[in-house]
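Residue numbers (this note's numbering): 372 to 997.
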């Protein structure tokens, strides 16, 4: 909720594809039944999961028309789809469309979608849709979510697990929902039947700055461990060591032409004087020159592309970029490793071996007595700086036949700085003066991402529009930018300003607003319809220090009251200080905890109201004779 640069969005990278829906009240789900059964496929000598999803929709209005979509991929096949209205075939025919599913940030994905319009002519009529599907590898059968795009009156989920199959079901986010569980034994099949019955399940609601769905909605994490059937034994992810062993099998031969990599690494570090100079040269090269794309395709969703191929193409996904970073560093003799992790979009950790634990890959570098985590997908973040999304997250690091588990450091708030200092004066009824800005960390990354999102010849103009709040009356001249091409340095902007904003006169008195940015003024949260807690983009420290020289013969007539709000999650400090020759305005807004719980919304809104009130109070100066 701080001021964005051109409202650009830094999306979660390397995340498995899902369809996003907004709540729709055209229909509700009157009943649904999902069944899952593990079976042995003798033809393929494998274990499969047969799943059937039967959903009955009831129209809330006449001529209800909604999209129905089911996502699948190379490991899930849709075997049959049926659609009935009150038990009869739809009058206009039925022909679902099958196509690839992707998104703006996904270069290629094996995700496909089967979709069709569901039309219910009359209010109160029912339509039933059935999908029959097969999952061909238990490793990819990872979760069962209970919630839907639409409110659900009644839902039943059945999982039939033969005794030859070892599966653990972990329940998440059940509190506050009407969910019952029953378990029975089917002697004829030598199988356990676990049945969940859910009543009055509200619709999924998409809200900005929300946690990922694994934090919010009731679901099962399905951990397929092993199977012993028809004289064959299968090991899936019985332990984290099993998961690591499978990952390790996918990262063999990750460099085709080592000579190409070695030559490139030598060229990139030719002018470097120290080891750290060499390491940074490699890391920043991958950041700057390898374009991030998302590539999700079965095993390729977990197997990195060869480093020399990524180098030649000049693009890659998180796995390819991590692999190239590692290959360049190891060619110079450094101890670099590939590692897997789940960003904070995911609620799980490595206590639960599952493909759902991971959605990202980076490179770990052991140098001296310290481990550095290199995430080249964070294009404008400096060395040894970590984005919020990976801070505090467990990392699974390759280590030969074994693995290492470490944790990405949690950055102090001082990593991210947005600081403005200004020296102002009143000239001919205008505010004029010199302004300096400085950005560090993720605040710097946001600005650089904005600058580089426009054509080079328009970058300075775009930056001036950002600094002025796109206000034509805030005239910037003589702007100088530094630190744009050096991620080890802070990003700075210096310029001269002339503006009528923030100053008005009545008679000989001046009424002044010394804050032209007013961060968080519109940050109140609508508590009547917000369902989820609020996650800020990152920790930040917003600092403003503005000095205004008093005109000769003027004094301060009214000084706005200070504001000091301090709690564990954030701080707001605003203060005016007067002296005979000048007035100093200082502000420090700290977001110390990026997760604001719903229970704290009321207090947050009260504090934002106090901040806005402080912003709206004017500094008044009058002639000394009055």
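From the three backbone atoms N, C-alpha and C, an ideal C-beta is built for every residue, glycine too.
Close beta carbons around residue i, own chain, < 6 Å, minus the five adjacent residues each side
| i | result |
| --- | --- |
| residue 949 | 927 and 930 |
| residue 984 | none |
| residue 370 | No statement about residue 370 is possible, as the shown extent of the chain runs from 372 to 997 and does not include it. |
| residue 969 | 904 |
| residue 792 | 807 and 916 |
| residue 812 | 756, 786 and 787 |
| residue 566 | 529 and 553 |
| residue 997 | none |
| residue 599 | 535 |
| residue 734 | 693, 696, 697, 707 and 745 |
| residue 571 | 549 |
| residue 615 | 774 |
| residue 795 | 802, 804 and 919 |
| residue 455 | 499 |
| residue 611 | 721 and 724 |
| residue 815 | 862 |
| residue 580 | 905 and 906 |
| residue 945 | 934, 958 and 985 |
| residue 718 | 585 and 586 |
Anticipated Cβ contact below 8 Å, residue i with residue j, distance rounded
| i | j | result |
| --- | --- | --- |
| residue 778 | residue 763 | 6 Å |
| residue 729 | residue 712 | 7 Å |
| residue 425 | residue 499 | 7 Å |
| residue 890 | residue 960 | 6 Å |
| residue 759 | residue 910 | 7 Å |
| residue 513 | residue 593 | 6 Å |
| residue 431 | residue 398 | 6 Å |
Neighbourhood of residue i by C-beta distance below 7 Å, restricted to the same chain and skipping five residues each side
| i | result |
| --- | --- |
| residue 994 | 879, 924 and 925 |
| residue 886 | 915, 956, 958 and 986 |
| residue 753 | 858 and 859 |
| residue 844 | 870, 871 and 872 |
| residue 979 | 891, 894 and 895 |
| residue 510 | 595, 607, 608 and 726 |
One or two residues paired with residue i in a DSSP bridge
| i | result |
| --- | --- |
| residue 425 | 404 and 501 |
| residue 793 | 806 and 917 |
| residue 438 | 488 |
| residue 994 | 925 |
| residue 817 | The partner list for residue 817 (beta bridge, DSSP) is empty, contrary to what the question assumes. |
| residue 881 | 876 and 992 |
| residue 536 | 598 |
| residue 557 | 562 |
| residue 711 | 732 and 767 |
| residue 568 | 527 and 551 |
| residue 419 | 410 |
| residue 452 | 502 |
| residue 773 | 770 |
Three-state class that DSSP yields for residue i in the structure shown
| i | result |
| --- | --- |
| residue 765 | strand |
| residue 986 | helix |
| residue 548 | coil |
| residue 857 | coil |
| residue 922 | coil |
| residue 589 | coil |
| residue 654 | helix |
| residue 509 | helix |
| residue 660 | helix |
| residue 741 | strand |
| residue 624 | coil |
| residue 889 | coil |
| residue 514 | strand |
| residue 901 | coil |
| residue 464 | coil |
| residue 863 | strand |
| residue 811 | strand |
| residue 784 | helix |
| residue 494 | coil |
| residue 970 | helix |
Span of the beta strand (DSSP E) around residue i
| i | result |
| --- | --- |
| residue 527 | 523 to 533 |
| residue 946 | 941 to 949 |
| residue 413 | Where residue 413 is concerned, there is no enclosing beta strand (DSSP E), given that its DSSP letter is neither H nor E. |
| residue 613 | Careful: residue 613 lies outside any beta strand (DSSP E), inside the alpha helix (DSSP H) at 611 to 621. |
| residue 643 | Taken as a continuous stretch (DSSP letters only), residue 643 belongs to no beta strand (DSSP E), as it is neither H nor E. |
| residue 953 | 953 to 962 |
Enclosing alpha helix (DSSP H) for residue i [first to last residue]
| i | result |
| --- | --- |
| residue 824 | Where residue 824 is concerned, there is no enclosing alpha helix (DSSP H), given that its DSSP letter is neither H nor E. |
| residue 637 | 629 to 639 |
| residue 694 | 689 to 702 |
Neighbourhood of residue i by C-beta, 8 Å cutoff - its chain only, sequence neighbours within 5 removed
| i | result |
| --- | --- |
| residue 447 | 504, 505, 506, 507 and 511 |
Closer than 8 Å: residue i CB and nearest the ligand ADP heavy atom
| i | result |
| --- | --- |
| residue 822 | By its list of ligands, the structure shown contains no ligand whatsoever, and the ligand ADP lies outside what it can speak to. |
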